[in-house]
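Visitor: Going by this note's numbering, the first residue of the sequence shown is number 12, and it counts up by one from there.
Dumping the structure here so I can ask a few things about it.
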Amino acid sequence: MQIKWERNYSLFLVAILAIIFAVWYYGQQHYLADKEQAFVDTEATLRRYDAIINQATSTDQSDQLLREEAIQLQRQLPTEPNVDQLITSIYEAEQETGIVIEELINRTDTLSSDQVYYPVNSNAVHVELTLKAEKKNDFELFFHLLEQGDRLLEIIELNYHSTGVETISATVTLRVFFNENVLIK
12 MQIKWERNYS
22 LFLVAILAII
32 FAVWYYGQQH
42 YLADKEQAFV
52 DTEATLRRYD
62 AIINQATSTD
72 QSDQLLREEA
82 IQLQRQLPTE
92 PNVDQLITSI
102 YEAEQETGIV
112 IEELINRTDT
122 LSSDQVYYPV
132 NSNAVHVELT
142 LKAEKKNDFE
152 LFFHLLEQGD
162 RLLEIIELNY
172 HSTGVETISA
182 TVTLRVFFNE
192 NVLIK
C-alpha cells in the first residue's frame with residue numbers, strides 16, 4: 012500500500028504542525044515563564060525560611076550553651092567567698108600529693124593596688140600556705156591539681172627553699188575571686 016500525498020494534505024499537515032508549535036511556544040514563553048518565575052520565588056522563600064529555622068534552632072542551642080557556660084562561670088566565680096570549698100580543694104590536693112600543709116592562714120582582703128586589672132566589684136579571698144615536700148614534682152602536681160579545680164585561682168606569691176637534703180619548704184599565697192553582685196538565673 013502506497014500513500015500519495017496531495018498538496019492539500021501537505022499544507023494541512025504543515026498548518027497542524029504550525030499550530031502545535033505555536034501552542035508550545037506560547038505555553039513556554041507566556042504561560043510557563045510565569046509559573047517558572049513563581050517556582051523560583053517559592054524556592055527562594057523556602058531557602059530564606061529554612062535559614063531562619065536553622066538560625067532559630069542554633070539560637071536555641073546557643074541558649075543552652077550559654078546556660079551551661081553561665082553555670083560553669085558561677086562555679087569559677089561564685090557569689091560568696093565559699094572558703095570551705097577552697098580549703099576542701101587544698102586538702103584534697105594535699106592528700107593526692109606528697110605535700111604536707113604545715114600552716115594555712117585565711118585572709119579575706121579587698122583587692123589592693125592591682126584592682127584595676129580585675130572586674131569592678133570583684134572580691135578576693137587570700138590564703139597563705141606553708142608547705143613541705145620531699146620532691147619538687149610534688150609541688151608541681153599540687154599546683155596542677157589546684158588549677159584543675161572549679162574556682163578561678165591565682166598564685167600571688169611563691170617562695171620556696173631547700174631545708175635539707177631531700178626536704179623543700181615553701182610559702183604560697185593564693186587568691187580566689189568571688190563577686191556578690193553577679194547572680195545568674
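The beta-carbon is built from N, C-alpha and C at its ideal position, and this holds for glycine as well.
In this text the structure is predicted, and so the values were computed from the model without any measurement.
Which residue marks the beginning of the beta strand (DSSP E) containing L163, and which one marks its end?
Guide: Residue 163 sits at position 152 when you count from the first residue of the sequence shown. Counting along the chain, L163 falls outside any beta strand (DSSP E), and DSSP gives it neither H nor E.
Visitor: Need the endpoints of the beta strand (DSSP E) that V94 sits in, please.
Guide: As a working note, residue 94 is residue 83 in the sequence shown. Looking at the DSSP string, V94 is not in any beta strand (DSSP E); the run it does join, the alpha helix (DSSP H), is V94 to E107.
Visitor: Going by DSSP in three states, I9 sits in which element: helix, strand or coil?
Guide: Not covered by the structure: residue 9. The range shown for the chain is 12 to 196.
Visitor: Select from G175, R59, V187 and A26 the residue whose C-alpha is nearest the C-alpha of S133.
Guide: In the sequence shown, residue 133 corresponds to position 122, counting from 1. Of G175, R59, V187 and A26, the residue nearest in Cα terms is V187.
Visitor: Less than 8 angstroms between the CB atoms is what I'm expecting for L115 and L156, so what's the real figure, rounded?
Guide: Within the sequence shown, numbered from 1, the residue matching residue 115 stands at position 104. Within the sequence shown, numbered from 1, the residue matching residue 156 stands at position 145. 16 angstroms between Cβ atoms; not a contact.
Visitor: Please report the straight-line C-alpha distance between Y20 and Y36, rounded to a whole angstrom.
Guide: Counting from one through the sequence shown, the residue named residue 20 turns up at place 9. Counting from one through the sequence shown, the residue named residue 36 turns up at place 25. In a straight line, the C-alpha of Y20 is about 24 angstroms away from that of Y36.
Visitor: Since S180 and L142 are thought to touch, with beta carbons under 8 angstroms apart, how far apart are those beta carbons, to the nearest angstrom?
Guide: Translated into positions along the sequence shown, residue 180 becomes position 169. Translated into positions along the sequence shown, residue 142 becomes position 131. Correct: roughly 7 angstroms between the Cβ atoms.
Visitor: Are the CB atoms of L105 and I112 nearer to each other than 8 angstroms?
Guide: For the purposes of this step, residue 105 is identified with residue 94 of the sequence shown, where counting begins at 1. For the purposes of this step, residue 112 is identified with residue 101 of the sequence shown, where counting begins at 1. Correcting the residue type first, residue 105 is Glu in the shown sequence and not Leu. Yes, these two residues count as a Cβ contact at 8 angstroms.
Visitor: Would you list the residues sitting across from E79 in a DSSP beta bridge?
Guide: By one-based count along the sequence shown, residue 79 stands at place 68. DSSP output for E79 lists no bridge partner at all.
Visitor: Do G109 and K147 have their C-beta atoms within less than 8 angstroms of each other?
Guide: As a first step, residue 109 is located in the sequence shown; it is residue number 98 there, counting from the start. As a first step, residue 147 is located in the sequence shown; it is residue number 136 there, counting from the start. In this structure, K147 does not lie closer than 8 angstroms to G109 by Cβ.
Visitor: Could you work out which residue in E168, Q72, F189 and L169 is closest to R162 when comparing CA atoms only?
Guide: Residue 162 sits at position 151 when you count from the first residue of the sequence shown. It is F189.
Visitor: Would you mind giving the Cβ-Cβ distance between L97 and V138, rounded to the nearest angstrom? I have them listed as a contact below 8 angstroms.
Guide: In the sequence shown, counting from the first residue as 1, residue 97 sits at position 86. In the sequence shown, counting from the first residue as 1, residue 138 sits at position 127. Confirmed, about 6 angstroms.
Visitor: Can you check which of these residues, Y60, L43 and V183, is closest to H172 by C-alpha distance?
Guide: On the sequence shown, residue 172 is found 161 positions in, with the first residue counted as 1. Comparing Cα-Cα distances from H172 to each of Y60, L43 and V183, the minimum goes to V183.
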